[in-house]
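Sequences listed follow chains A and B, in order.
Numbers in the numbering used here are just positions in the first sequence, counted from 1, shifted up by 1.
Numbers in the numbering used here are just positions in the second sequence, counted from 1, shifted up by 233.
Written below as structure tokens is the structure these notes are about.
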Amino acid sequence: MMRTVGILLWLRYRTMFRGGRSGRQVFAVVMGLMVLTPLSLLFGAFSLMTTLHVAGNMGSEALLLWVRIAFFLVFAMLLAMPIISFASTDFYDITKLFHLPVSHRPVFVAQIIGMMFGGTTIFFLPAMLGVVIGASGGAARAVVSIPLLLLFLFQTVAVARLLQLLLLNTLRSRRFRDLAAIGAACLSAGIFVLFRLTFNSDHPTRNIAAFLEELLISGAADWIGAIPSSWIATLMVPGAGLNSILLVLLVALPLTALLVRIAAVLQERAFHGEVPAARPGTRAANAANAAKAGSGPGLFRFLPEPVRAIARKELCLIRREPIVKTMMIQQSVFFLVPVVVAIFGSGVGNAPRIEYLLRWGVFVLLFVESILAMNVFGLEGPGIVVTLSTPTPRHRVLLGKSLAYFLLFAPVNVLFVVTAAALVHFLTGAVSAISVGVALVGAVSATLVLLGTGSIVSVLAPVRMASGSRGALRQPSTGEGCLLALFKMFSIGVLAVLVAPVVLLGLKPILSSLALVYGAIVLLTGTMLGAHLLSGREEKVMLTLARSAD
Amino acid sequence: MSVAENHPEEYSVEIEGLTRIFGGTKAAIENLSLTVRKGEFFGFLGPNGAGKSTTIKILCGLLRPTMGRVRVLGLDVIAEPLLVKQRIGLLPEEVNTFERLTGRELLVFTGRMYGLSKLEATARAKELLEFMEIADVDRDKLIIDYSMGMKKKAVLAAALIHGPDVLFLDEPFNGIDAVTGRAIREVLGRAVADGVTVFFSSHVMEVVEKLCTRVAIIDQGRLRAMGDLDELRAATGKGPEATLEEIFVDLVGGDSERGDLSWIRG
């Protein structure tokens, strides 16, 4: 059995840095050593300093809350990462071992060891040690705390493995791979926002202290204490006596054993063929999907059928392509976090944070939308040959695509304006209905300008958009890619100039409706010019997009 | 008592009354019985959704039958799946392997999982990769970056590395070019010459007709006919010139009425 476990662990560590494709392993290892290792150690040092600061200046209640939050974050990451990285980690998919003469036991042992000492755990270990050592208040307690920390990690890994096995068929499906890309996007955006909120001043430790105080005032500390990850975390602070340690262990140990047993039984069942491999969708489901795909922008019936057909097809691509979902969801984090801060924070004191996030939100919104609008052929890939082999006039093709992206962007932009207005009104009480209306008209007009500009840029600089191994956008990395990036930057400059009249017209509410007219003119001009350019560049566009993504 | 029970040593595969029901109602295979002799090149044919892949998965211990008995090399697949897996090789229809290993690493890993020493597995991997003509591929190239044909060849090599007694191949010629197809045919021919039994499902009738000594045709989970080409012709009342494709279409009802698509002509 140990020989098999050894071979499987070899597989785990051999493929650990191979989330990407061939030739990128060295890059991944260098990234791991040069970026992740220092970052992990930095987190360790920061968590130690923060824990000591909280322990020394804020009292036992705040210290307990801080330890619980730290444990909860690691708990959440250790549960999320095996799920999100399932598709890009060969080791997790046990179905690849089913045909081999290996029993479920060594595989289960290897999985638990491999997850326990996997990248996520190793990355967070310094931070966990920083919290545990900082909170222990003495060497004797620190010695007791380390085995408790290991028990916590083991328990978390058991839960993560159990989740993986329960969701095995779902995790192996293509649809889940799309969802995982979205999950990864949410996680990375969430971490980025958290990082910016914590480290955007000279005193990040004070930011944490202020955050803890807010949580203690708002009463959120109570429900944090009820999360399972808080049980063992409670034992890490000096207030916990031997009795409470024994009491928690009395619950934690049998619970962990039970979780491991359930996971082992599930794995055994899977090995005995009682969990069939993921099957393709049924005919009924496919038919339902096809019917769904056929539904389209009904409000736009006045437009010619080819325009609506192109828009419908583009919306299908948008709906099914994880890149788009990923990008749109990443930007939504910048709306949601200010709302959460406003609801759970202590009120006006949070105004600078909310303002800061909203400014980032506008930037990310413009960035994401310009990437998509300036590459409207990008999602088609080789399908562009079919689109351009139809006799549809090219201005209609571009108009159809603009319609699809308008239907995607407009609700997002309107939502952003309304959210921002509500937040500013909540904090300052200085937002009127007229200013919200003007902002909405401005947002729609700016979207039209963006789509008009995008129609021209898309024809001049098409790029195939394809998912990388983790759902990231894959772009050319050659000299051509460099020129392309420069051209896109120049295009964004032009866009800023073209959007300026919308902003100027918006300053006088009475003129704001003219902004809509201006936006429509830019859209139509851009579409006609783009169509004219496309007629001379069809071959180049097709060659660029139909080229293999590899 | 079945024929197989009288002479169990003659048979590599024995299926008796096999039924597999999915979702409580849909029978993917229904009361299927057949035998495959040792060293035979056996073709397993059927239209899409006939139950070929399900049968192969059950034979390889990847799925449990709802009813019936399945033996491979005289071993009960349900009772002794590990012993069976130790002596068979599988090329599944959908390549589901460790894509973030290189071809060489996959073969060595698989060999070691079958109990070969690292040295032996490495030597066999080198030989197999050369035979499959993928030894010249960049050593650092991961399987995820292989073409479909190369992936199939790598997985077939992995299925052969431990020297199996029975080889199960599910649609090995799907999605591959003529050159790769020829390489796979050569490997299979070599394996059969060495006494390996090949249980082979395919849509490519010409290949089956050329390679297989005996053929079973299933439709909707039920066995429609089994035997060599002459026996199939006799069973369907076809003349000596009838091809396997004609027999197949006759048995599974491929000539049913379809719309005339008259609107195509405008």
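Ideal placement from N, C-alpha and C gives every residue a C-beta, glycine not left out.
I'd like the span of the beta strand (DSSP E) that includes residue i, first residue to last.
i	result
residue 143 of chain A	Note, residue 143 of chain A: premise wrong, no beta strand (DSSP E); alpha helix (DSSP H) at 140-167.
residue 246 of chain B	244-255
residue 480 of chain B	No beta strand (DSSP E) holds residue 480 of chain B; the alpha helix (DSSP H) holding it covers 477-485.
residue 260 of chain B	259-270
residue 321 of chain A	Counting along the chain, residue 321 of chain A falls outside any beta strand (DSSP E), though it belongs to the alpha helix (DSSP H) covering 306-321.
residue 305 of chain B	300-305
Since residue i meets chain A, which of its residues come closer than 8 Å, beta carbon to beta carbon?
i	result
residue 347 of chain B	101, 102
residue 332 of chain B	91
residue 342 of chain B	8, 11, 12
residue 319 of chain B	102
residue 251 of chain B	Residues of chain A passing the Cβ test: none, with the nearest at roughly 14 Å.
residue 229 of chain B	This structure cannot speak to residue 229 of chain B, because chain B is shown only from 234 to 499.
residue 338 of chain B	15
At what residues does the alpha helix (DSSP H) containing residue i begin and finish?
i	result
residue 126 of chain A	120-137
residue 418 of chain B	411-426
residue 366 of chain B	Counting along the chain, residue 366 of chain B falls outside any alpha helix (DSSP H), and DSSP gives it neither H nor E.
residue 440 of chain A	434-461
residue 57 of chain A	38-58
residue 528 of chain A	513-547
residue 403 of chain B	Element bounds for residue 403 of chain B: not the alpha helix (DSSP H) but the beta strand (DSSP E), 399-403.
residue 322 of chain B	Residue 322 of chain B -> not in any alpha helix (DSSP H); beta strand (DSSP E) instead, spanning 321-324.
residue 108 of chain A	105-117
residue 467 of chain B	462-469
residue 14 of chain A	3-15
residue 90 of chain A	Where residue 90 of chain A is concerned, there is no enclosing alpha helix (DSSP H), given that its DSSP letter is neither H nor E.
residue 474 of chain B	Careful: residue 474 of chain B lies outside any alpha helix (DSSP H) and carries neither H nor E.
residue 381 of chain A	From DSSP, residue 381 of chain A is part of no alpha helix (DSSP H); its letter is neither H nor E.
residue 289 of chain B	285-292
residue 230 of chain A	230-235
residue 509 of chain A	Neither: residue 509 of chain A is in no alpha helix (DSSP H) and is coded neither H nor E.
Kindly list, in the order they appear in chain A, the residues whose Cβ is closer than 7 Å to that of residue i.
i	result
residue 267 of chain B	Result: empty, since nearest Cβ-Cβ is about 20 Å, beyond 7 Å.
residue 304 of chain B	Those do not exist, as residue 304 of chain B stays about 16 Å from chain A at its closest Cβ, beyond 7 Å.
residue 293 of chain B	100
Determine the closest residue to residue i out of the options, with distance taken between C-alpha atoms.
i	options	result
residue 459 of chain A	A/174, A/64, A/493, A/436	A/493
residue 177 of chain A	A/114, A/322, A/364, A/265	A/322
residue 279 of chain B	B/330, B/459, B/373	B/459
residue 504 of chain B	B/271, B/262, B/275	Given a span of 234 to 499 for chain B in the structure shown, any question on residue 504 of chain B remains unanswerable.
residue 59 of chain A	A/213, A/315, A/193	A/213
residue 265 of chain B	B/296, B/303, B/243	B/303
residue 374 of chain A	A/315, A/359, A/170	A/315
residue 252 of chain A	A/451, A/305, A/232, A/81	A/232
residue 596 of chain A	A/466, A/462, A/487	Because chain A here runs from 2 to 551, residue 596 of chain A falls outside it and cannot be looked at.
residue 436 of chain A	A/510, A/406, A/407	A/510
residue 37 of chain A	A/4, A/16, A/120	A/120
residue 1 of chain A	A/181, A/210, A/498, A/104	With chain A represented from 2 up to 551, any question about residue 1 of chain A goes unanswered, as that position is not in the structure.
residue 518 of chain A	A/11, A/386, A/376, A/443	A/443
residue 261 of chain A	A/52, A/303, A/163	A/163
residue 426 of chain B	B/272, B/247, B/258	B/272
residue 335 of chain B	B/317, B/358, B/393	B/358
For residue i, return the contacting residues in chain B, with the cut-off set at a CB-CB distance below 8 Å.
i	result
residue 16 of chain A	331, 333, 334
residue 96 of chain A	329
With which residues is residue i paired in a DSSP beta bridge?
i	result
residue 456 of chain B	B/451
residue 330 of chain B	According to DSSP, residue 330 of chain B bridges with nothing at all.
residue 434 of chain B	B/277, B/403
residue 309 of chain B	B/304
residue 393 of chain A	Answer is none; residue 393 of chain A lacks a bridge partner.
residue 335 of chain B	B/375
What residues of chain A sit near residue i, judged by a beta carbon separation below 9 Å?
i	result
residue 323 of chain B	100
Are there three or more Cβ pairs, one per stretch, closer than 8 Å when the segment 59-79 of chain A is compared with the segment 154-163 of chain A? Judged by Cβ distances under 8 Å, the segment 59-79 of chain A makes contact with the segment 154-163 of chain A, as three or more pairs qualify.
Using 8 Å as the Cβ pair cut-off and three pairs as the minimum, do the segment 395-404 of chain A and the segment 521-538 of chain A touch? Touching, yes, given that three or more Cβ pairs across the two stretches are closer than 8 Å.
So does the segment 405-424 of chain A actually touch the segment 496-504 of chain A, counting three or more Cβ pairs closer than 8 Å? By the Cβ criterion, the segment 405-424 of chain A is not in contact with the segment 496-504 of chain A, since fewer than three pairs of Cβ atoms, one from each stretch, lie closer than 8 Å.
Would you check if the segment 344-355 of chain B and the segment 447-464 of chain B touch, i.e. whether three or more CB-CB distances between them fall below 8 Å? No: the two stretches stay apart, fewer than three of their Cβ pairs being nearer than 8 Å.
Flag this pair as touching only if the segment 124-144 of chain A and the segment 39-47 of chain A have three or more C-beta atom pairs under 8 Å; answer yes or no. A contact exists between the segment 124-144 of chain A and the segment 39-47 of chain A.
Using a Cβ distance threshold of 8 Å, determine whether the segment 78-98 of chain A contacts the segment 317-325 of chain B, with at least three qualifying pairs required. The segment 78-98 of chain A is not in contact with the segment 317-325 of chain B.
Just checking, does the segment 261-268 of chain A make contact with the segment 104-114 of chain A on the three C-beta pairs under 8 Å criterion? With a cut-off of 8 Å, the segment 104-114 of chain A and the segment 261-268 of chain A count as touching, because enough Cβ pairs lie within range.
Would you call the segment 434-442 of chain B and the segment 247-266 of chain B in contact, with 3 or more CB pairs under 8 Å? Output reads no: the segment 247-266 of chain B does not touch the segment 434-442 of chain B.
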